[in-house]
Amino acid sequence: MTEMGAVPTHDEELPSEMAKVRETVLAAMEDFVPAGPPVSREEAKQFFLSSWTEAGRDLPPYYLVYFLLVDLLRFPHLGQWEKVAWAVPVRLRGKLYGIEHRKMGIGVFAPNPDPSATRSTKSSEEAEADAREIVRLLKRAVAAAEPYFEWRARTAAKGPNINVANRSAVLFERYQFFREQFEALGSEALRRRDEMTKPEEGLNNHKLRFSHIFPGLRLKDEAEWSAQAAIEAFFSWTEHVFIHLAILQGRVENGEEVAKLAEADWKTKFKAALDIDEPTMKTHYDNLLALRTQIRNFMAHGAFGKRGEAFNFHSGAGAVPVLLTRNPKHRYSLTGGPEFDERSALREIELFITHLWSGTREPARECLESELPTVLKYATDGTYAKAMRSIGSMKKFMEDYAVRQERAANMDW
Numbered sequence: 001m002t003e004m005g006a007v008p009t010h011d012e013e014l015p016s017e018m019a020k021v022r023e024t025v026l027a028a029m030e031d032f033v034p035a036g037p038p039v040s041r042e043e044a045k046q047f048f049l050s051s052w053t054e055a056g057r058d059l060p061p062y063y064l065v066y067f068l069l070v071d072l073l074r075f076p077h078l079g080q081w082e083k084v085a086w087a088v089p090v091r092l093r094g095k096l097y098g099i100e101h102r103k104m105g106i107g108v109f110a111p112n113p114d115p116s117a118t119r120s121t122k123s124s125e126e127a128e129a130d131a132r133e134i135v136r137l138l139k140r141a142v143a144a145a146e147p148y149f150e151w152r153a154r155t156a157a158k159g160p161n162i163n164v165a166n167r168s169a170v171l172f173e174r175y176q177f178f179r180e181q182f183e184a185l186g187s188e189a190l191r192r193r194d195e196m197t198k199p200e201e202g203l204n205n206h207k208l209r210f211s212h213i214f215p216g217l218r219l220k221d222e223a224e225w226s227a228q229a230a231i232e233a234f235f236s237w238t239e240h241v242f243i244h245l246a247i248l249q250g251r252v253e254n255g256e257e258v259a260k261l262a263e264a265d266w267k268t269k270f271k272a273a274l275d276i277d278e279p280t281m282k283t284h285y286d287n288l289l290a291l292r293t294q295i296r297n298f299m300a301h302g303a304f305g306k307r308g309e310a311f312n313f314h315s316g317a318g319a320v321p322v323l324l325t326r327n328p329k330h331r332y333s334l335t336g337g338p339e340f341d342e343r344s345a346l347r348e349i350e351l352f353i354t355h356l357w358s359g360t361r362e363p364a365r366e367c368l369e370s371e372l373p374t375v376l377k378y379a380t381d382g383t384y385a386k387a388m389r390s391i392g393s394m395k396k397f398m399e400d401y402a403v404r405q406e407r408a409a410n411m412d413w
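Numbering (the UniProt record's numbering) for the sequence shown: 1 to 413.
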């Protein structure tokens, strides 16, 4: 619609198989078509005084509608303006409507037919009926366009125009929560170590444990469980933060590399983000790898002892623990690595975290504690390289980035 400042879509050729999808989708749209230029100045005015339709609030997600109409079908759209990300003028059986993504969401908007109007009003029953039909057609078209969306996602993943969700802060808070629980429960267990209580009524003797009688033992168990949860939470945090560190250091540059790294094991993620040729880092790597093996074996394989003690056999020496190993050629053993100690494990974790946020990696902490996504384009165009030069540079970059993100969220164009 030229008087409204319509923006033509790109002319990039679609692959032949996607062109066929486009034909199928166009057929599904029936008499729902691009609006074309306004037929009069009054129609243009009516469009800009459009109002939400209730039926139009049931559209598919905004990005699917955008990729359907603008990317695949090449419907002309209007540029951004205050509180509007995009708007596509359309016609249903010749009547003008708008598909718009506003700050409050996506919807079908009905023009105000009153030539003397100066503001939008509630949509008519006729407009609501049309909006329901538009929603029906768009849902059908979105379903038919599924192969295109899959192709579009694959294509996008090969490039740098991707933001990677950053949940580092909340994952680290989870670790801190369980660690603090461990400390609090451990202190209370020590304080109540000599206390003795009567076990619950109806608890059979063969089900009684010392922890039912001595609260200090029960609290010690709970402290140990919290420590194990903290260790698990720590490794979950590292799996996430290592990917973002690799991005900030320019070691990962496109969506495919991010996806591949996300599916990789912990060792691969560690090496992608950190240099194990550095002696101190290598020591932390070895210690954490041993801890991870122990805690995962214990937690994920039935909790048969922290060294894999599955059962005992009887001998002249008494009951002897038999260890289950991870080696298929040597399944059983009487010897093994030392049992891990939760407090020592958490101490090693804290030492690693301190070392992680030191030296040239220290500026990355400013970024990863912000919850703002990392941007692959910034890894390829030198933006992150400049920001990583100092804490001050990263703070300045993050402040500017946060303002841009806030403006985008508020659609303050």
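Note that CB positions come from ideal geometry on N, CA and C, so glycine has one too.
With the rule of 3 Cβ pairs closer than 8 Å, the region 104–112 counts as touching the region 50–62. Using a Cβ-Cβ distance cut-off of 8 Å, the region 101–109 and the region 176–189 are not in contact, since fewer than three pairs of beta carbons, one from each stretch, lie closer than that value. Counted as a single uninterrupted DSSP element, the beta strand (DSSP E) harbouring Ile99 occupies residues Lys95 to Arg102. By alpha-carbon distance to Gln405, the top candidate from Lys377, Leu372 and Ala385 is Leu372.
Looking only at Leu245, Ser344, Ala27 and Lys45, the smallest Cα-Cα distance to Ala290 is reached by Ser344. Here the alpha carbons of His240 and Phe177 stand approximately 18 Å from one another. Shown here for Thr280: same chain residues with a beta carbon closer than 8 Å to its own, the five before and five after excluded, namely His355 in chain order. Judged by beta-carbon spacing, Phe234 lies beyond the 8 Å limit of Lys269, meaning their Cβ atoms are not closer than that value. For Ala246, there is no enclosing beta strand (DSSP E); the enclosing alpha helix (DSSP H) covers residues Pro215 to Leu248. In the DSSP annotation of this structure, Ile106 is not part of any alpha helix (DSSP H); the continuous beta strand (DSSP E) holding it starts and ends at Gly105 to Ala110.
The straight-line gap separating the alpha-carbon atoms of Ala157 and Thr121 is approximately 43 Å. Within the region 346–386, the complete alpha helix (DSSP H) segments of 4 residues or longer fall at 362–368 and 376–380, listed in chain order. Within the region 23–58, the complete alpha helix (DSSP H) segments of 4 residues or longer fall at 41–48, listed in chain order. Of the candidates Gly359, Asn287, Thr293 and Asp400, the residue whose Cα lies closest to the Cα of Arg347 is Asn287.
By the Cβ criterion, the region 253–260 is not in contact with the region 216–236, since fewer than three pairs of Cβ atoms, one from each stretch, lie closer than 8 Å. The criterion of a C-beta distance shorter than 8 Å is not satisfied by Phe172 and Leu96. Rounded to whole angstroms, the Cβ separation of Glu30 and Leu138 is 11 Å, and the two are not in contact under 8 Å. Residue pairing by DSSP places Arg404 opposite no residue, since no beta bridge is assigned to it. When C-beta atoms of the region 245–256 are compared with those of the region 383–393, three or more pairs fall below 8 Å, so the two segments count as touching. Residue Arg140 holds the alpha-carbon nearest to the alpha-carbon of Leu64 among Arg140, Ala27, Val84 and Glu222.
With respect to the C-alpha of Val90, the residue from Lys377, Asn161, Ser236 and Glu100 having the closest C-alpha is Glu100. Relative to Ser370, the option among Glu342, Asp400, Glu350 and Asp381 whose CA is nearest is Asp400. The residue from Pro34, Ala165, Gly159 and Gln80 with its alpha-carbon nearest to that of Asn410 is Gln80. When the Cα atoms are used, Val21 and Phe352 turn out to be separated by approximately 52 Å. In the assembly as shown, Ala87 is a buried residue. Its beta-carbon has 16 or more other beta-carbons within 10 Å. Cβ contact annotation for Trp357 (same chain, cutoff 8 Å, sequence separation greater than five): Ala364 and Arg365, in chain order. Per the C-alpha coordinates, the member of Arg407, Met104, Lys395 and Leu376 positioned closest to Ile162 is Leu376. Put simply, the backbone Cα of Glu17 is about 9 Å away from that of Pro147. Close CB contacts of Val135 within its chain, under the 8 Å cut and outside five residues either way in sequence, are with Ala55, Gly56, Asp58, Leu59 and Val108 (chain order). In the three-state DSSP reduction, Pro15 falls in the coil class, being neither helix nor strand. If the five residues before and after Arg192 are omitted, its C-beta is found closer than 6 Å to the C-beta atoms of Pro215 and Gly216, all from its own chain and listed in chain order.
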